[in-house]
Structure formats: C-alpha cells, structure tokens
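Participant: In mature numbering (1 follows the signal peptide of the UniProt record, and there is no 0), the protein residues as written are -20 to -1, 1 to 384.
Think of the CB as a built atom: it goes at the ideal place given N, C-alpha and C, for glycine as much as any other residue.
These figures come from a predicted structure and were not determined experimentally.
Structure in structure tokens, see below.
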C-alpha cells in the first residue's frame, strides 16, 4: 500500500516539475539585429533595431509592403536604466544575443566607451563578439536607414565589413572583445571603422519604397578609421592611412595594389597572402621598428607593352609593388605617430621582451613613440600572371606591327 502511494506521489511530482519555469516564448522576444549608442544632454540615448519576423521570413532579398525591422530609442543616465526604460514603449523583451553590429555615435565615442564595455561584459544575454562601427554623426540616424538589397540593415552592415575584409582590407573588422583587449593593453590604442552616408536625399533610405528603385540616391559606406586611446576617440585616419595600419598590424587578408609605371602603363596586383612581422629593435637606450613583409600576389590587370613573363620585367613590376606597399606602410606609421597612438602594439612587445625598459619609458611613451624610426623591408612574389601571358595592349601592338 505504501509502495503504491509513493509511486503515485512520484508521478504527481513529475507532472508539476516538468517543463521550464522561466521559459520565454519566441514571440515575446524583440530580437535586436543592431544597437546604437549616443550621448545627448549628459544621458545615454540607445537605439534598437528590432527584427519584424513576418517581413523577414518573406522570400527574396528585398522587402514587400512591410519593413523587416523597426527601430525605437530610449534615454537614461546609465545604460541599464536606458534599456529598462525601453519597456514603457516596447511590448517585447529585448534580446541581444543575435545582434550583428553595434554603432557608436560620434559624441559617445568622444565621451568614452568604458560604460558600454562594462555593460556588455556583465550582461549574460549580450555577445562581446558583436562587430563595432563608429557612426559619422548620431548612431540612431544610421539604424533608421535601409541597405538594399538586404532586408535587415544590421546584417547588411555586418556583411559590408566582411566584404571589405575579404577583398580590400581597407579597414579592420573589430568586435567588442578585440577593442577591449587593445584599449586595456600597454599600447592602449585601437582603430574602429567609421560608417557614413554618401549621396543626395539620405532620408529616402528610411522608406521601404527604396526597394522599388534600381539605384539609390545615397548609400552607406565605410570611410575612415576612428582611433581610440584607451576608451576615447582621439582622431581619424583616412583610407590610405588606414590600409597602411592594416599592413603594419598584419591584418591584410586580401587587397588590390594598383599603380602607374614609369612609361604611363597601369598594373594591378591582387594580394592573395601577406605575412608581416613588426619587431621593436633596441639600440643603446633607444628603440627603432623593424618591419618585414612577405607578400604573394598575382597580376590582375596590365596595360604595359613589355613582355610580362620575362624575368627582368617581372622583377620590375615586383619592385614597383614593393615600393607601393612601403609607401602605404609609411602613411600608416606617420599617422600613428601624429596622433601619438600606438596602433602597432609596440608597447606590448617591449613590455614583454624588456620589462625594465618599459617601466622606465612607460610615463613618456607617447613622446618615445613619436621619436622612433622605422625600417621597412618588403618582398613581393608574383606567383601568376593569369590566363593571358601578354597584356592586351601588347597584343594590339604586335598586330599593328604585323600589318606593316
């Protein structure tokens, strides 16, 4: 009898404890694909770009009659207070685990991103692997804009960063954790890409009617590298300076090298592989920087009328490519010295190899960095010239000579 009673009790308990007591239905979640942080009147202004499931699940790249995302903002003294205040106008629980990008407004970047870092590392539902972009203006303005043909602007911005990394390497792809590691290191410097809007009538990007057009009057594009010292923005690099820093920090994935030759011809190399080593060299009481780069490339385009496959001409093109890479590196180095920003992480390397020297120069590190010399050695290897052994200009020249 007692045994039967115990069996019944166990079965009843199983019914009551089954399932998840703290479950959240998917329909109750507001999935943020992008977030924006601005500073206004001494407060945080956070913008959330929330996915609209019915529109996002429709077929095709472009939306139909309904936008695939909706945006709204909330304000508060702290970031957590600001997020909490979003509940007074948002019917869903904000969910940040699938956030593609974080946009930081210009004023917030100058104010400092320490509070943003603190919030992300404390919040279990947020990912520190989210990609970071600096907005040229207010972040909220960019989260309202659509990016045809993608339906979700947050995902589109993330893919723009990835395409840049795969084909150009003009700007580094930085996630929140990478930024945190850099600004808390001895060097204390980090570079984050800047997003801006180009063209006329940027307000049209806020309407789904933009998907009905074959071309847009304005577009979002990466333009500039925001340089941080610790948690604050201290300056901006242009594209040429930024790619120089990408070379010096060994962040060149693939890129293109185009230059004019001595006789007006144009050559274009596609860099397939690059390995760059940067070593601080001690000479007496001073330090200099030794840069060694090995680059593998292939010829993408040429208008030269010389024999491309000949050893001498091949070597000449490689030398010209080496000089171009050196000039790009020097632009990045000069910009780094100008801002007194250790973009190369030299302080970390000196501290690791010569801790006593680092302790002696730590207080005056910006001045020490500004006075350091750099020596650059680049070795470019042209692996392929493509399917065409001669340039088309040379083939036309041969035909012209043959006719006479």
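1) Whose C-alpha, out of 310, 32, 157, is nearest the C-alpha of residue 70?
2) What whole-angstrom Cβ distance do residue 175 and residue 232 have, given they're in contact under 8 angstroms?
3) Using only alpha-carbon positions, find the residue among 126, 247, 343 that is nearest to residue 190.
4) Given this structure, state the Cα-to-Cα distance separating residue 42 from residue 199, to the nearest angstrom.
5) Which value, in whole angstroms, describes the spacing of the CA atoms of residue 307 and residue 128?
6) Quick one: residues in its chain with C-beta nearer than 7 angstroms to the C-beta of residue 100, no 5 flanking neighbours on either side, listed in chain order?
7) So, residue 169 versus residue 325, is the Cβ gap smaller than 9 angstroms?
8) Identify which residue in 299, 294, 96 has its Cα closest to the Cα of residue 23.
9) Who are the near neighbours of residue 281 in its chain, counting only those whose CB is closer than 6 angstroms to its CB and skipping five residues on each side?
10) Does DSSP put residue 319 in a helix, in a strand, or in coil?
11) For residue 260, count the other beta carbons within 10 Å of its own beta carbon; 16 or more makes it buried, fewer makes it exposed. Which is it?
12) Is DSSP giving residue 364 helix, strand or coil here?
13) Quick one, which of 59, 34, 81, 55 has its alpha-carbon nearest residue 47's?
14) Pull up the DSSP beta-bridge partners for residue 115, would you.
15) Which residue from 207, 141, 362, 195 puts its Cα closest to that of residue 323?
16) For the candidate residues 134, 173, 141, 123, whose alpha-carbon lies nearest to that of residue 186?
17) Considering only C-alpha positions, which residue in the set 342, 184, 64, 203 is nearest to residue 197?
18) Quick one: any contact between the region 56 to 67 and the region 84 to 93, if contact means 3 or more CB pairs under 8 angstroms?
19) In three-state DSSP terms, what is residue 18?
20) Whose C-beta lies closer than 7 angstroms to the C-beta of residue 73 among residues of the same chain, with five residues either side of it excluded?
Facilitator: To lay it out plainly:
1) Locating residue 70 in the chain shown gives position 90, counting from the first residue. The candidate whose alpha carbon is nearest that of residue 70 is 32.
2) Counting from one through the chain shown, the residue named residue 175 turns up at place 195. Counting from one through the chain shown, the residue named residue 232 turns up at place 252. About 21 angstroms; that fails the 8 angstroms criterion.
3) Translated into positions along the chain shown, residue 190 becomes position 210. The candidate whose alpha carbon is nearest that of residue 190 is 126.
4) Locating residue 42 in the chain shown gives position 62, counting from the first residue. Locating residue 199 in the chain shown gives position 219, counting from the first residue. Confidence at residue 42 is low in this model, with a pLDDT of 47, below 50, so its placement is unreliable and no value can be given for it.
5) As a working note, residue 307 is residue 327 in the chain shown. As a working note, residue 128 is residue 148 in the chain shown. Taking the straight line from one Cα to the other gives about 36 angstroms.
6) Sequence index remark: in the chain shown, residue 100 carries index 120 (1-based). Around residue 100: 106, 108, 156.
7) Along the chain shown, one-based indexing puts residue 169 at 189. Along the chain shown, one-based indexing puts residue 325 at 345. A contact, by the Cβ cut-off of 9 angstroms.
8) Along the chain shown, one-based indexing puts residue 23 at 43. Answer by Cα proximity: 96.
9) On the chain shown, residue 281 is found 301 positions in, with the first residue counted as 1. 248.
10) Taking the first residue of the chain shown as position 1, residue 319 is located at position 339. Reduced to three states, the DSSP call for residue 319 is coil.
11) For this step, residue 260 is matched to residue 280 along the chain shown. It counts as buried.
12) In the chain shown, residue 364 corresponds to position 384, counting from 1. Three-state DSSP puts residue 364 in a strand.
13) To locate residue 47, count along the chain shown from 1; it is residue 67. Considering only alpha carbons, the answer is 34.
14) Locating residue 115 in the chain shown gives position 135, counting from the first residue. DSSP, once it has assigned bridges, lists 175 as partnering residue 115.
15) Taking the first residue of the chain shown as 1, we reach residue 323 at position 343. The shortest Cα separation from residue 323 among 207, 141, 362, 195 belongs to 207.
16) Translated into the one-based positions of the chain shown, residue 186 becomes position 206. Out of 134, 173, 141, 123, 123 has the C-alpha closest to the C-alpha of residue 186.
17) Residue 197 sits at position 217 when you count from the first residue of the chain shown. The candidate whose alpha carbon is nearest that of residue 197 is 184.
18) no
19) Here residue 18 is taken as the residue at index 38 of the chain shown, counted from 1. Residue 18: strand per DSSP, three-state reduction.
20) Counting from one through the chain shown, the residue named residue 73 turns up at place 93. Closer than 7 angstroms at Cβ, skipping near neighbours: 4, 8, 9, 10.
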